[in-house]
Each structure stands twice: as C-alpha cells, then as structure tokens.
C-alpha cells in the first residue's frame with residue numbers, strides 16, 4: 058500500500074492521424090526508447106459529483122482545477138495494484154498525487170475517507186508522505202458532495218522515454234473508449250468511442266521544455282498542440298446523448314397527444330361549435346330586440 062508517488066510537470070497534447078503517427082515513430086528511435094512493457098491498456102475511473110461539478114468546472118478552463126480517479130494498467134484482479142490519483146493543474150503545470158493499493162482497498166478507502174471512520178481505519182505504519190497524500194484525497198472526497206465513480210475511460214497507450222532522461226516522455230493513446238456501466242477495473246474493454254478510430258492522442262510530458270529535434274518534427278509534419286481532455290470529451294458526448302434522448306421523448310409525447318384521442322378532439326370541436334351558435338343566436342336576438350323597442 059505504500060509506493061506513493063508525486064509528479065510535477067507540463068503536459069502538451071496533439072491530435073494526429075495514422076500517417077503522422079507512422080512518420081513520428083520512424084524518427085523517435087533515434088532519440089527515445091520504448092517503454093519495456095510495450096503497448097498497455099489503461100483504465101481510468103473518474104470520480105465526480107452527481108451534477109458533474111469537477112468536469113464542468115474543468116471545461117471552463119480555470120487557473121486551478123482537479124480530478125480524482127482510480128487508474129490501472131491493464132485488467133486487474135482483486136490482489137493486483139491500482140493507483141488512486143488526485144490530479145491538479147494550476148497555471149498550466151500538472152501536479153499529481155497518487156497511492157498504490159488494490160482495487161478493494163481503494164474502494165474501502167474512499168468509502169471511509171468521505172466519513173468519520175477514516176481515523177480509526179488509518180494505518181499508523183504509513184510514511185508521512187503517504188499520509189499527506191491520503192489527507193489531500195480525503196479532503197477532496199469530503200469537500201465535494203456525492204463524489205463517486207461516474208465514468209470509466211479505457212485506451213491503449215504506447216510510451217517512449219528520452220534516452221538518458223526518463224523525465225521526458227511521449228505517449229500515444231488510441232482506441233479511446235468510455236462508458237457509464239460496469240464501473241470497475243476488471244470487467245473488460247468496451248464502450249463508446251471518444252474520438253474517431255483513426256485518430257491518436259500524442260502527449261508530451263516534460264519537466265522543462267520540448268527538445269529542438271521534436272520541435273522540428275512537429276513543424277515539418279504540421280502537428281499543432283491542442284486542448285483535449287478525454288474525460289471532458291466523454292462528458293460532452295454523454296450530455297449530447299441525453300439531450301437527444303429528451304428531444305426524442307418530447308417529440309414522441311407530442312405525436313401521441315396529437316393522435317391519441319381524435320374522438321375527444323371531435324367532441325371538443327362540436328361543443329365549441331354549439332357554443333358559438335348559441336352566442337350568435339343571443340347576439341341576433343339582442344339586435345332584433347333593440348330595433349323592436351327603439
């Protein structure tokens with residue numbers, strides 16, 4: 058349950074196509090080394106409030122924003138480690154706090170940390186750094202009401218490290234999927250596509266700047282940085298789908314109202330006609346009476 062980790066870095070994202078991806082791959086080998094695990098499937102389970110306050114605020118592009126997620130590298134069993142992460146971004150700098158634990162431990166921690174049982178459950182043998190990270194996560198769980206798993210993302214990631222400098226990384230994410238059901242890290246890979254299947258998200262992670270050789274590649278291939286969030290894109294798709302469903306239901310309801318009871322409409326038309334005739338009859342009698350006694 059130890060192995061806590063802290064990160065502080067810049068992250069720059071690019072959306073590329075297959076052709077650009079293949080050209081970049083050919084040149085990366087001169088400067089970088091592929092991750093020893095090769096391509097891996099990443100699962101990220103995002104926590105949010107019932108009204109999705111965290112992601113809605115993030116989409117407003119504030120100076121400060123944060124996300125809480127549970128992440129695994131590949132499908133996991135009950136005993137394999139996962140990472141409970143609190144990711145913060147302030148003034149374009151990313152700060153990540155994460156703790157390694159099993160999925161059941163993470164679920165139990167979140168349940169207890171959001172209430173008053175946390176102190177009794179806390180492990181005394183943990184390091185100060187470990188306790189500090191848990192304290193930050195606990196604060197988030199208590200600050201945001203109804204914070205719980207809402208959306209699961211999965212994607213295939215290929216990572217590269219600069220030779221002699223593992224602080225500089227480039228990742229390529231593809232087959233990006235999201236779902237609202239089966240919110241765990243061991244069920245499987247399925248869901249709705251976040252971006253077209255032929256598109257890839259390239260991300261540069263660095264503590265400093267981008268090296269000249271990479272800048273030259275990006276310029277030559279006309280690859281430009283973009284503002285892209287997997288979670289935000291999934292949330293937009295969710296909202297659009299819900300709006301479309303509501304619009305469809307409203308249309309169906311309107312059609313049913315128009316055609317459900319034609320006999321009632323006929324009866325109403327007959328009654329309105331009768332009332333109009335009576336009204337005209339009274340008006341005519343009044344006019345006739347007025348001339349008679351004038």
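Residue numbers (our numbering): 58 to 351. All residues carry an ideal CB built from backbone N, CA and C; glycine is no exception.
Which of helix, strand or coil DSSP assigns to residue i
i: residue 105; result: strand
i: residue 83; result: helix
i: residue 300; result: helix
i: residue 262; result: strand
i: residue 202; result: coil
i: residue 241; result: coil
i: residue 285; result: coil
i: residue 135; result: coil
i: residue 149; result: coil
i: residue 71; result: strand
i: residue 115; result: helix
i: residue 213; result: strand
i: residue 22; result: The shown model of the chain, from 58 to 351, leaves out residue 22, and the question about it has no answer.
i: residue 63; result: strand
i: residue 96; result: coil
i: residue 255; result: coil
i: residue 274; result: helix
i: residue 13; result: Since the first residue shown for the chain is 58 and the last is 351, residue 13 is missing from the structure and cannot be characterised.
i: residue 183; result: coil
i: residue 194; result: helix
i: residue 140; result: strand
Nearest candidate by alpha-carbon position, reference residue i, set the options
i: residue 262; options: 217, 300 and 113; result: 217
i: residue 279; options: 138, 128, 305 and 72; result: 72
i: residue 222; options: 264, 296, 301 and 142; result: 264
i: residue 260; options: 187, 171, 197 and 214; result: 214
i: residue 286; options: 252, 248 and 307; result: 252
i: residue 163; options: 142, 197, 236 and 276; result: 142
i: residue 294; options: 234, 212 and 80; result: 234
i: residue 64; options: 292, 190, 299 and 127; result: 190
i: residue 151; options: 67, 83 and 227; result: 67
i: residue 232; options: 224, 303, 220 and 249; result: 249
Check: residue i C-beta below 7 Å from any heavy atom of the ligand FMN
i: residue 312; result: With respect to the ligand FMN, the structure shown offers nothing to examine, as it has no ligands at all.
Residue i to residue j span [Cα, whole Å]
i: residue 288; j: residue 88; result: 31 Å
i: residue 255; j: residue 74; result: 6 Å
i: residue 184; j: residue 158; result: 15 Å
i: residue 70; j: residue 316; result: 53 Å
i: residue 140; j: residue 160; result: 8 Å
i: residue 94; j: residue 195; result: 32 Å
i: residue 206; j: residue 116; result: 19 Å
i: residue 137; j: residue 309; result: 48 Å
i: residue 171; j: residue 154; result: 18 Å
i: residue 202; j: residue 273; result: 47 Å
i: residue 108; j: residue 229; result: 31 Å
i: residue 102; j: residue 165; result: 15 Å
i: residue 314; j: residue 307; result: 11 Å
i: residue 276; j: residue 209; result: 34 Å
i: residue 192; j: residue 212; result: 30 Å
i: residue 186; j: residue 303; result: 48 Å
i: residue 204; j: residue 300; result: 23 Å
i: residue 238; j: residue 298; result: 15 Å
i: residue 126; j: residue 198; result: 11 Å
i: residue 156; j: residue 167; result: 12 Å
i: residue 291; j: residue 113; result: 12 Å
i: residue 305; j: residue 236; result: 22 Å
i: residue 332; j: residue 296; result: 49 Å
Same chain, Cβ closer than 8 Å to residue i, neighbours up to 5 away in sequence not counted
i: residue 200; result: none
i: residue 281; result: 71 and 275
Sequence-distant residues of its chain with Cβ nearer than 7 Å to residue i (five each side left out)
i: residue 110; result: 201
i: residue 106; result: 201, 202, 203 and 204
Same chain, Cβ closer than 6 Å to residue i, neighbours up to 5 away in sequence not counted
i: residue 354; result: Residue 354 cannot be examined here, being either before or after the span of the chain that is shown, 58 to 351.
i: residue 90; result: 218 and 220
Please confirm if the region 233 to 249 is in contact with the region 267 to 276, defined as three or more CB-CB distances below 8 Å between the two stretches. no
Using 8 Å as the threshold, is the region 125 to 142 in touch with the region 96 to 109, meaning 3 or more CB pairs across them? yes
Is it a yes or a no for the region 110 to 128 touching the region 143 to 150, going by three-plus beta-carbon pairs under 8 Å? yes
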